[in-house]
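Peer 1: Quick note, the sequence shown lines up with residues -13 to 542 if you use my numbering.
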Amino acid sequence: MMSFEELGLNEQLLASIKELGFETPTAIQEKAIPVLLSGTKDFIGLAQTGTGKTAAFGLPLLQLVSTTDKHPQALIVCPTRELCIQIVNDIESFKKQMRGISVVAVYGGASIGMQIKDIKRGVQLVAATPGRLIDLIERKAINLEQIKYVVLDEADEMLNMGFQDDIEFILQNTPKRDSTWLFSATMPPEIRKVSRRYMKEPFELTVGKANTGNKNIDHQYYVTPAQRRYETLKRLIDFNPGIYGLIFTRTKADAQEIAEKLTREGYDIDALHGDLTQQQRDKVMGQFRDKSLQLLIATDVAARGIDVQGITHVINYELPDDTEVYTHRSGRTGRAGNTGISMSIIHAREMYRLKQIEKMVQQPFHRFEIPSGKDVCRKQFFFFMDKLLQADISHGDYETYIPMLTEKFANISKEEVLKRVAALEFDRFLKYYENAEDLNVRERDNVRDRKTSGRNDRREDTRDKGRSRQQEYNANGDYTKLFVNLGSKDGFYKASFLQFILDMSDLRKDVLGKIDMREMNSWVEVDSKAAKQMVRAIDGKNYKGRRIRMNDANSR
Ligand code: AMP
-13 MMSFEELGLN EQLLASIKEL GFETPTAIQE KAIPVLLSGT KDFIGLAQTG
37 TGKTAAFGLP LLQLVSTTDK HPQALIVCPT RELCIQIVND IESFKKQMRG
87 ISVVAVYGGA SIGMQIKDIK RGVQLVAATP GRLIDLIERK AINLEQIKYV
137 VLDEADEMLN MGFQDDIEFI LQNTPKRDST WLFSATMPPE IRKVSRRYMK
187 EPFELTVGKA NTGNKNIDHQ YYVTPAQRRY ETLKRLIDFN PGIYGLIFTR
237 TKADAQEIAE KLTREGYDID ALHGDLTQQQ RDKVMGQFRD KSLQLLIATD
287 VAARGIDVQG ITHVINYELP DDTEVYTHRS GRTGRAGNTG ISMSIIHARE
337 MYRLKQIEKM VQQPFHRFEI PSGKDVCRKQ FFFFMDKLLQ ADISHGDYET
387 YIPMLTEKFA NISKEEVLKR VAALEFDRFL KYYENAEDLN VRERDNVRDR
437 KTSGRNDRRE DTRDKGRSRQ QEYNANGDYT KLFVNLGSKD GFYKASFLQF
487 ILDMSDLRKD VLGKIDMREM NSWVEVDSKA AKQMVRAIDG KNYKGRRIRM
537 NDANSR
């Protein structure tokens, strides 16, 4: 293993690295930094988030840009505001010992005036989200004439989010660019296309296997009947009392509903979804980041770019439709050399999906039993008792009260004190879990499940009023074909597009039939009873500054 000193970094940077407490370079840093410092023009780094890639490109950039020229020389383009802020914070900490070098973050949802002022002050490095950057280019508020380095960070995420045209526009508008460094967790064909079009013989580096998951993550799955997901989630949270976790749902309705239910039941959780204003989103993120919130539940879209250190568990409330999305979800844990756990709650008929994901991640997925009520109580009990034993008693003036307390407890044994503490702390758990059912699907149930699945569905339906509406949708099979002027050119894949229209219209996926997606337009079958609601919610709205048109395909 190499040391930072051997990578060719200057003394100021080495001093900052020391101050940050980085002892040895991560794999991507060890391999990329010498290559980038040597003047290699184009570069592709395939690495998961959390592998230390910000330093892998940030440190070389700081060393390579000129401190005497006070104009933008390096541009870092990334998918989200959170990541943009994170990158600039990291770069600020790397350049602490350097003089005459500035970096600015430009992203949507914040005052463009302030950002323009910051740029005018004379910066060498600009980190930007694509939309805001284009806005600045169009206002002629940023001069890209002298940009020599363009870094595309989380390139696959940017393409997933539909920024392909924006990225190409940015690459076309940096005439003096002689180095393009692209970082991505996965290598879909669209990225190959960008690299072929805009890069010359890039130096390609893969840390771990491309498209595979981080080795520090333990992939676990729990099999339960579909209607027991929520209880299973609760049980998994309760079984991991020290959890600092991120839970993923497929729809924002689920994220919100589960957050509300868990909050009512005393859990420390909030939801992140597309309906929040930027201010609300910042507030939730701030609370999660400083750990005053133990759990965050989010949709994939809303969670993009979240980079929070120390997440112990990622829980997939449902498996994602898109296999690659699983890698992104689970990559939120097990960062910077830490270990993490990615849990998936599945039902028996989803085993084949799990196998597909396992194949892609190329790491074994372990089936675990959903803990019993007794297991949970035991775990909670010992967790609390460990905390009790580890409590810091060196500071308080406890001695004053001890004689009085000793007298009070004179006739009570140690065992009894422990029992009383337990009763105070665990009453809620003990009551809740007293007659807790087994939530596992066992092989036996599996067979029965398959035989009687139709009956089960109906039973579930009558129990859960909220869902009966969907069942009606499913039952008639009468679809209206809708036309939409959005397609793959807008950066959508079928799955992400369906999620987008469901989120916009607040409908559940049962309303959907077949989809036919082309570059510019799509045709989607929607249950006739829900079609009007969807058109009302979507037609005329904006997507990236363009007016969405949605109407009945047969009435055009
Ligand atoms: P990144 O992939 O750039 O988001 O980095 C993930 C986390 O790893 C960040 O919190 C970094 O501060 C941390 N990190 C980066 N490089 C190192 C290193 N060489 N040693 C320890 N931590 C690091």
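Beta carbons: idealized from backbone N, C-alpha and C, even for Gly.
Between Thr54, Asp76 and Ile98, which lies nearest to Gly86 when the distance is taken from Cα to Cα?
Peer 2: Taking the first residue of the sequence shown as 1, we reach residue 86 at position 100. Checked all of Thr54, Asp76 and Ile98; the closest Cα to Gly86 is Thr54.
Peer 1: CB-CB under 7 Å to Gln242, same chain, minus the five flanking residues each way: which ones, in chain order?
Peer 2: Start at 1 with the first residue of the sequence shown, and residue 242 comes out as number 256. Taken in chain order, the residues that qualify are Ala257 and His259.
Peer 1: Going by CA-CA distance only, name the one from Phe80, Ser52 and Gln150 that's closest to Thr40.
Peer 2: Within the sequence shown, the letter at position 54 stands for residue 40. Ranking the options by Cα distance to Thr40, first place goes to Phe80.
Peer 1: Can you look up Tyr303 in the DSSP assignment and give me helix, strand or coil?
Peer 2: Within the sequence shown, the letter at position 317 stands for residue 303. Here Tyr303 sits in coil by DSSP.
Peer 1: Comparing C-alpha positions only, which one of Lys345, Leu61 and Ala13 sits nearest to Ile105?
Peer 2: Counting from 1 along the sequence shown, the entry for residue 105 is found at position 119. Measuring from the Cα of Ile105, the nearest candidate turns out to be Leu61.
Peer 1: Helix or strand or just coil, what does DSSP make of Asn528?
Peer 2: In the sequence shown, counting from the first residue as 1, residue 528 sits at position 542. If DSSP states are grouped into helix, strand and coil, Asn528 belongs with the strands.
Peer 1: Could you tell me which residues DSSP puts in a beta bridge with Val63?
Peer 2: Start at 1 with the first residue of the sequence shown, and residue 63 comes out as number 77. Answer by DSSP bridge pairing, in chain order: Ala114 and Leu138.
Peer 1: Is the stretch 164 to 184 touching the stretch 485 to 501, taking contact as three or more C-beta pairs under 8 Å?
Peer 2: These segments do not touch.
Peer 1: Which runs of the alpha helix (DSSP H), 4 residues or longer, sit entirely within the stretch -6 to 18?
Peer 2: Correct list: -3 to 6.
Peer 1: Confirm, please, whether the CB-CB distance from Asp538 to Ala516 is below 9 Å.
Peer 2: The sequence position of residue 516 within the sequence shown is 530, counting from 1. The sequence position of residue 538 within the sequence shown is 552, counting from 1. Taking 9 Å as the Cβ cut-off, Ala516 and Asp538 do not qualify as a contacting pair.
Peer 1: From Glu304, Asp261 and Tyr338, pick the residue whose C-alpha is nearest to that of Asp492; which is it?
Peer 2: If you number the sequence shown from 1, residue 492 lands on position 506. The shortest Cα separation from Asp492 among Glu304, Asp261 and Tyr338 belongs to Asp261.
Peer 1: Taking the Cβ atom as the reference point for each residue, do Thr285 and Gln485 lie within a distance shorter than 9 Å?
Peer 2: Locating residue 285 in the sequence shown gives position 299, counting from the first residue. Locating residue 485 in the sequence shown gives position 499, counting from the first residue. Cβ distance < 9 Å, so Thr285 and Gln485 count as in contact.
Peer 1: How would you call Glu385, buried or exposed, if buried means at least 16 neighbouring beta carbons within 10 angstroms?
Peer 2: Against the sequence shown, residue 385 aligns to sequence position 399. Exposed.
Peer 1: Can you grab the Cα-Cα spacing for the pair Met543 / Asp372, in whole Å?
Peer 2: This structure cannot settle anything about residue 543, because the visible part of the chain is limited to -13 through 542.
Peer 1: Going by C-alpha distance, which of Ile398, Arg214, Ala141 and Asp151 is nearest Glu423?
Peer 2: For the purposes of this step, residue 423 is taken as the residue at position 437 of the sequence shown. Glu423 has its Cα closest to that of Arg214, out of Ile398, Arg214, Ala141 and Asp151.
Peer 1: Can you tell me whether Pro11 sits near the ligand AMP, meaning its C-beta is under 8 Å from at least one heavy atom of the ligand?
Peer 2: Translated into the one-based positions of the sequence shown, residue 11 becomes position 25. Pro11: yes, Cβ under 8 Å from the ligand AMP.
Peer 1: So, for Phe412: in the same chain, excluding its five sequence neighbours on each side, which residues have a beta-carbon less than 8 Å away from its beta-carbon?
Peer 2: Against the sequence shown, residue 412 aligns to sequence position 426. Excluding sequence neighbours, Phe412 sits near Cys363, Gln366, Phe367 and Phe370.
Peer 1: Quick check: what's the CA-CA separation for Arg125 versus Leu48?
Peer 2: For the purposes of this step, residue 125 is taken as residue 139 along the sequence shown, with counting starting at 1. For the purposes of this step, residue 48 is taken as residue 62 along the sequence shown, with counting starting at 1. The alpha-carbon atoms of Arg125 and Leu48 are separated by roughly 27 Å.
Peer 1: Is there contact here, the stretch 302 to 313 with the stretch 227 to 247, by at least three beta-carbon pairs under 8 Å?
Peer 2: Contact holds: three or more Cβ-Cβ distances are below 8 Å.
Peer 1: Using only the alpha-carbon positions, how far apart do Pro116 and Cys70 sit?
Peer 2: Translated into positions along the sequence shown, residue 116 becomes position 130. Translated into positions along the sequence shown, residue 70 becomes position 84. Distance between the alpha carbons of Pro116 and Cys70: 11 Å.
Peer 1: According to the neighbour-count rule (16 or more other Cβ atoms, all chains shown, within 10 Å of its Cβ), is Leu6 buried or exposed?
Peer 2: Here residue 6 refers to the residue found at position 20 when the sequence shown is read from its first residue. Leu6 should be labelled exposed.
Peer 1: Would you call the stretch 346 to 356 and the stretch 304 to 319 in contact, with 3 or more CB pairs under 8 Å?
Peer 2: Taking 8 Å as the limit for Cβ pairs, the verdict is that the stretch 304 to 319 does touch the stretch 346 to 356.
Peer 1: Under the rule that 16 or more other beta-carbon atoms within 10 Å means buried, what is Val403, buried or exposed?
Peer 2: Here residue 403 is taken as the residue at index 417 of the sequence shown, counted from 1. By the neighbour-count rule (16 or more Cβ atoms within 10 Å), Val403 is not buried but exposed.
Peer 1: Taking the continuous beta strand (DSSP E) assigned at Asp256, which residues delimit it?
Peer 2: For the purposes of this step, residue 256 is taken as the residue at position 270 of the sequence shown. Where Asp256 is concerned, the enclosing beta strand (DSSP E) stretches over Ile255 to Leu258.
Peer 1: Just checking Ala41 against the ligand AMP - is the residue's beta carbon closer than 8 Å to any of the ligand's heavy atoms?
Peer 2: In the sequence shown, counting from the first residue as 1, residue 41 sits at position 55. Checking every heavy atom of the ligand AMP against the Cβ of Ala41, one is found closer than 8 Å.
Peer 1: Following a CB-centred definition, is Phe274 positioned closer than 8 Å to any heavy atom of the ligand AMP?
Peer 2: Numbered from its first residue, the sequence shown carries residue 274 at position 288. It does not: the Cβ of Phe274 is nowhere closer than 8 Å to a heavy atom of the ligand AMP.
Peer 1: Tell me the rounded alpha-carbon separation between Met271 and Arg67.
Peer 2: Here residue 271 refers to the residue found at position 285 of the sequence shown. Here residue 67 refers to the residue found at position 81 of the sequence shown. Spanning the two alpha carbons is a distance of roughly 12 Å.
Peer 1: So, with DSSP's three-state summary, where would you put Met371?
Peer 2: Translated into positions along the sequence shown, residue 371 becomes position 385. In the structure shown, Met371 sits in a helix (DSSP, three-state: H, G or I).
Peer 1: Could you check which residue in Lys530, Val112 and Asp525 has the C-alpha nearest to that of Gly477?
Peer 2: The residue labelled residue 477 in the question sits at position 491 within the sequence shown. Checking every option, the nearest Cα to that of Gly477 belongs to Lys530.
Peer 1: Below 8 Å, is the gap between the Cβ of Asp76 and the nearest heavy atom of the ligand AMP?
Peer 2: The residue given as residue 76 occupies position 90 in the sequence shown. Yes, the Cβ of Asp76 comes within 8 Å of a heavy atom of the ligand AMP.
Peer 1: Once DSSP output is grouped into helix, strand and coil, what is the label at Phe29?
Peer 2: Residue numbering aside, residue 29 sits at position 43 when the sequence shown is read from its first letter. In the structure shown, Phe29 sits in a strand (DSSP, three-state: E or B).
Peer 1: When you compare each of Met147, Asp307 and Asp361 to Gln543 by their alpha carbons, which one comes out closest?
Peer 2: Coverage of the chain is limited to positions -13 through 542, which leaves residue 543 absent and any answer about it impossible.
Peer 1: Kindly list the residues whose CB is nearer than 8 Å to the CB of Lys103, restricted to its own chain and excluding five residues on each side of it in sequence; keep chain order.
Peer 2: Counting from one through the sequence shown, the residue named residue 103 turns up at place 117. There are no such residues.
Peer 1: At which residues does the beta strand (DSSP E) containing His205 begin and terminate?
Peer 2: One-based indexing of the sequence shown puts residue 205 at position 219. Ile203 to Val209 is the span of the beta strand (DSSP E), which, as asked, contains His205.
Peer 1: Let's test the definition: count the other Cβ atoms within 10 Å of the Cβ of Ala91 and tell me whether it reaches 16, buried, or not, exposed.
Peer 2: On the sequence shown, residue 91 is found 105 positions in, with the first residue counted as 1. Flag for Ala91 reads buried.
Peer 1: Between Gln295 and the ligand AMP, is the CB less than 8 Å from at least one heavy atom?
Peer 2: Translated into positions along the sequence shown, residue 295 becomes position 309. The answer is yes for Gln295.
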